[in-house]
Amino acid sequence: MCVDFTDLNKACPKDSFPLPRIDQLVDSTAGHKLLTFMDAFSGYNQIVMDENDQEKTSFITSRGLFCYKVMPFGLKNAGATYQRLMNRMFHDQIGRNVEVYVDDMLVKSKEEDDHLDDLRETFQTLRKYQMKLNPSKCAFGVYSGKFLGFMVSQRGIEANPDKIKAILEMQPPKNTKEVQRLTGRVAALNRFMSRSTDKCLPFFKTLKKAFEWTDECQQAFEDLKKYLTKPPLLSPSKQGEELYLYLAVSPTAVSSALIREEERRQLPVYYTSRALRGAEERYPPMEKLAFALVTVARKLRPYFQAYTIVLLTNHPLRKAMSKPDEAGRLIQWSIELSEFDIDYRPRTAIKAQALADFIAEFTSKDDEPTENVERTSRWTMNIDGSSTKDIRPWKSWHSPYEFDIDYRPRTAIKAQALADFIAEFTSKDDEPTEDVERTSRWTMNIDGSSTKDSGGIGVVLKSPEGDTIKQAVRLQYPTTNNEAEYEALLTGLEMAKVLGAIELDILSDSQLVVGQVNGDYEEKEGCMQRYLHQARHQINQFRERGTLPDNRHEARRLKVRASRFLMLQGTLYKRSFSLPYLRCLAPDEANYVMREIHEGVCGDHSGARALQKKIVRAGYYWSSMKADACQFVQRCDKCQRFANLLHSPPAVLVPMTAPWPFAQWGLDIMGPFPIGRRQLKFLVVAIDYFTKWVEAEPLATITERNIQNFVWKAVICRFGIPRVLVSDNGKQFDNPRFRQFSQELGIHNHYSSPGHPQANGQVEVTNCSLLKLIKTRLEGAKGLWPEELPSILWAYRTTVRIPTGETPFRITFGSEAVVPVEIGLTTLRTSTYDEQ
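In this text, residue positions in the sequence shown follow this note's numbering: the first is 61, and each later residue adds one.
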């Protein structure tokens with residue numbers, strides 16, 4: 061019988077009593093000569109429920125209503141309660157001759173003669189608390205057995221043979237689900253597998269895309285089975301000894317091996333492995349090594365807290381993480397590791413074949429002398445004609461702390477078997493190639509910053525061969541951040557020119573500098589307008605006469621930029637992907653266009669994004685349009701006073717489907733408003749669900765006849781008979797006269813619930829937009845809203861709506877409306893139209 065305690069578990073507070081760590085229990089059990097495995101008989105049911113809580117476990121059957129008197133299975137805190145009882149029962153024996161994990165109990169003895177005494181002490185405790193055992197699940201006085209998923213014995217810790225057998229008997233996966241089953245089984249054996257992530261990397265790749273079992277996957281599958289035919293025997297750690305740690309780094313994973321020494325032999329204790337994700341794959345090699353150390357410290361925290369960890373590495377990891385002038389990840393990791401007792405020692409020889417499969421050398425060709433590059437060569441560059449800077453040809457992954465490294469040759473490998481397992485950690489770029497032609501493209505990273513009285517710039521140039529040249533310059537005069545970025549750009553270009561760079565990729569974190577260099581932004585300051593004028597002059601010359609600058613690279617760049625523009629009748633236009641040609645505007649023309657579209661006859665005081673889209677659809681363009689629109693809206697007084705205040709978080713839009721344009725309309729009534737001419741104080745609104753087209757009419761009274769007349773004139777006579785009308789339950793819509801009118805025309809009336817007006821959310825959102833436009837346009841003259849209604853509707857219909865990405869006018873009529881700004885400043889269509 062199974063009882064569902066879901067609701068009861070939700071009401072119960074969480075008992076946070078900690079369960080023991082399985083790896084610690086297994087380590088403390090292995091190495092004992094005799095073991096006894098015991099299991100309680102329905103252990104949970106041997107704990108009596110409190111009388112006040114018994115009725116909370118009630119359940120109904122065909123024979124009546126019952127409740128539990130003992131603790132049943134399925135309660136949220138049952139495991140914690142049982143573990144607390146076990147700890148109280150065996151508090152004098154746990155760790156000495158007993159280990160307990162919930163209802164699994166184990167008695168262990170170092171010597172055979174002591175085992176009977178240990179059992180006697182244990183049974184006295186069980187008798188005292190009246191705890192009953194299940195004889196069919198008990199094994200007394202055995203030399204090895206299965207405990208918490210591991211095989212433990214005096215020899216050490218072995219993998220569960222059932223889990224190994226499950227992988228060995230698997231057939232090659234045929235779909236993604238079977239690959240997931242394989243990786244799940246491998247994860248259960250991670251402690252016994254050196255560099256498990258690297259071994260399973262082909263399996264992980266198949267999960268990231270459409271399933272394809274490649275030859276690489278099949279080879280990895282066979283290698284995995286071969287490895288598991290002879291899994292390693294793990295040795296339990298002992299109190300007071302030192303544990304040794306090896307780290308391995310690959311392009312896709314970081315791995316570690318925790319070992320202990322016994323009689324000059326190194327025995328594995330624990331293997332760990334973790335895949336690198338996202339930006340971690342781009343860490344420099346030294347940071348990857350530090351990240352491997354941090355990862356294993358988090359994974360094996362109990363070992364790091366209880367033992368002295370000796371890290372065996374040939375790299376200056378301690379110096380790298382203890383530099384006071386370093387910042388970022390290394391300092392954070394150094395602080396995190398400071399609580400542990402870690403001793404950094406150089407690695408010499410590997411003394412165990414099992415470890416040789418794991419170890420990977422962390423070397424680079426930079427450690428070896430080369431014939432082509434002299435160590436003493438220095439490069440000199442003149443900056444601004446005032447000073448010289450010496451630049452050493454550093455390698456790309458070097459950092460300042462790496463120059464303290466004392467490179468020594470690796471000592472001889474003392475066992476021939478180890479030589480078959482050692483893998484060099486080198487990059488393919490370090491190996492000389494003859495047939496592969498190297499790229500001639502350089503990469504340059506620039507950065508600049510400023511303070512109150514000075515500034516600084518930094519440049520990093522990387523050659524096609526991988527050499528990295530770094531340069532930092534202090535500016536002895538006040539400057540802005542943008543000016544410092546330009547100084548860094550100019551300095552870097554001078555460096556690239558001196559070094560003979562032909563093709564150069566420039567990377568900068570300044571959106572302004574990148575936008576201005578690429579022509580996307582317009583510079584309005586006087587000192588930069590000259591550059592912009594010169595660039596425009598070059599583009600116009602090229603478009604009209606094909607004239608190009610003398611410099612080959614500037615000419616190529618000008619061709620790329622000029623391909624986006626064309627000249628028609630002396631006016632510059634920008635090509636658009638799906639819209640007509642856009643007229644390029646000067647600053648004064650841009651201000652006029654923004655003002656007219658934002659607050660003119662058809663202006664709706666929309667936000668910056670909508671304003672930008674409306675300008676483009678009207679047929680205009682300038683490079684800083686997006687930034688200028690944001691500034692214009694921020695400076696608009698009416699926008700700041702009447703903008704919507706959003707209190708609720710954004711929600712996912714729910715699509716409101718309609719089979720064809722004008723097939724489904726939403727109806728609603730707004731008001732009362734301030735009384736206008738002819739006593740008008742209500743507004744009836746209709747919106748088409750497909751095109752978002754809005755019709756509205758002011759009314760003095762909202763009678764059934766007035767609503768019916770509005771639907772006939774504004775909807776049916778203009779756009780045809782709709783299929784559905786959605787409205788609320790107001791008597792103007794839900795009455796026999798309107799129902800009969802709709803029925804005669806074959807129109808279905810849908811009504812939203814009075815307590816849930818969001819069911820007609822399309823028209824509710826439209827009401828908010830119209831109300832905002834009325835407030836923004838009229839301000840104090842509130843009684844003139846009927847006269848402004850046509851202009852408000854025009855503004856709404858010519859603004860891009862978010863759900864469709866188009867204006868209602870374009871969806872309805874197939875083209876954009878001609879707005880007043882196109883008369884004051886002609887676009888391509890208004891200037892080239894010829895009546896003849």
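Where is the CB? At the ideal position from N, CA and C, for every residue including glycine.
Cβ shell of residue i (< 7 Å), same chain only, five flanking positions each side left out
{"i": "P318", "result": "Before going further, note that residue 318 is Leu rather than Pro in the sequence given. Same-chain partners within the cutoff: L303, L305, V329, Y330, L360, Y363."}
{"i": "Q739", "result": "A760"}
{"i": "R389", "result": "E347"}
{"i": "Y189", "result": "M149"}
{"i": "N505", "result": "V520, L567"}
{"i": "F351", "result": "V314, E340, Y343"}
{"i": "T836", "result": "H665, K698, F702"}
{"i": "K522", "result": "S456, W502, T503, T528"}
{"i": "K170", "result": "H92, K93"}
Residue burial classification, residue i (beta-carbon count within 10 angstroms, cutoff 16)
{"i": "T897", "result": "Absent from the structure is residue 897, since the part of the chain shown begins at 61 and ends at 896."}
{"i": "E876", "result": "buried"}
{"i": "D489", "result": "Model confidence at D489 stands at a pLDDT of 39, short of 50, so the residue's coordinates are unreliable; what they give is reported in the following sentence. The residue in question, D489, is exposed, as its Cβ has fewer than 16 Cβ neighbours within 10 Å."}
{"i": "P132", "result": "buried"}
{"i": "K752", "result": "buried"}
{"i": "R180", "result": "exposed"}
{"i": "G103", "result": "buried"}
{"i": "H92", "result": "buried"}
{"i": "E543", "result": "buried"}
{"i": "G155", "result": "exposed"}
{"i": "A479", "result": "With a pLDDT of only 38 at A479, under 50, the local geometry of the prediction cannot be trusted, and the value read off the model is given with reservation. Counting Cβ neighbours within 10 Å, A479 comes out exposed, since fewer than 16 surround it."}
{"i": "E272", "result": "exposed"}
{"i": "V202", "result": "exposed"}
{"i": "K674", "result": "buried"}
{"i": "R255", "result": "buried"}
{"i": "D173", "result": "exposed"}
Own chain partners of residue i with C-beta closer than 8 Å, once the 5 adjacent residues on each side are dropped
{"i": "S76", "result": "A140"}
{"i": "S382", "result": "S394"}
Straight-line gap, residue i to residue j (C-alpha atoms, nearest Å)
{"i": "L833", "j": "G660", "result": "12 Å"}
{"i": "P80", "j": "H151", "result": "13 Å"}
{"i": "D401", "j": "Y367", "result": "7 Å"}
{"i": "T436", "j": "S315", "result": "Since pLDDT at T436 reaches only 37, below the 50 mark, its modelled position is unreliable, and no value is offered."}
{"i": "R187", "j": "C198", "result": "16 Å"}
{"i": "V879", "j": "Q800", "result": "41 Å"}
{"i": "A689", "j": "N250", "result": "57 Å"}
{"i": "L288", "j": "Q299", "result": "30 Å"}
{"i": "F793", "j": "N651", "result": "47 Å"}
{"i": "D403", "j": "P296", "result": "21 Å"}
{"i": "K449", "j": "A532", "result": "Note that K449 scores a pLDDT of 35, beneath 50, so its modelled location is shaky; the value from the coordinates is reported in the next line. Those two C-alpha atoms are separated by around 9 Å."}
{"i": "F798", "j": "L805", "result": "11 Å"}
{"i": "G445", "j": "A561", "result": "No answer about G445 holds up, because its pLDDT of 38 lies below 50 and its placement is not dependable."}
{"i": "S514", "j": "L307", "result": "44 Å"}
{"i": "A556", "j": "Y546", "result": "15 Å"}
{"i": "R778", "j": "D569", "result": "54 Å"}
{"i": "N789", "j": "L849", "result": "26 Å"}
{"i": "E115", "j": "N105", "result": "16 Å"}
{"i": "A357", "j": "K74", "result": "29 Å"}
Unbroken alpha helix (DSSP H) run spanning residue i, endpoints
{"i": "G338", "result": "Unbroken run through G338: none, as it is neither H nor E."}
{"i": "V881", "result": "881 to 884"}
{"i": "H175", "result": "175 to 188"}
{"i": "V130", "result": "No alpha helix (DSSP H) holds V130; DSSP gives it neither H nor E."}
Expected contact under 8 Å - CB spacing of residue i and residue j to nearest Å
{"i": "V158", "j": "T182", "result": "6 Å"}
{"i": "T872", "j": "I883", "result": "Rounded, the Cβ-Cβ distance is 22 Å, inconsistent with contact."}
{"i": "L284", "j": "K259", "result": "6 Å"}
{"i": "I107", "j": "V130", "result": "6 Å"}
{"i": "F263", "j": "T243", "result": "5 Å"}
Host beta strand (DSSP E) of residue i (start-end)
{"i": "C644", "result": "642 to 644"}
{"i": "Q724", "result": "724 to 730"}
{"i": "P758", "result": "754 to 759"}
{"i": "R405", "result": "402 to 405"}
{"i": "V370", "result": "368 to 372"}
Other residues of its chain near residue i: CB distance less than 6 Å, five sequence neighbours each side excluded
{"i": "K136", "result": "N69, C72"}
{"i": "G552", "result": "M504, I506, V519"}
{"i": "A472", "result": "Confidence at A472 is low in this model, with a pLDDT of 41, below 50, so the placement of that residue should be treated as unreliable; the coordinate-derived value is given next. For A472, where only same-chain residues beyond five positions count, there are no Cβ hits under 6 Å."}
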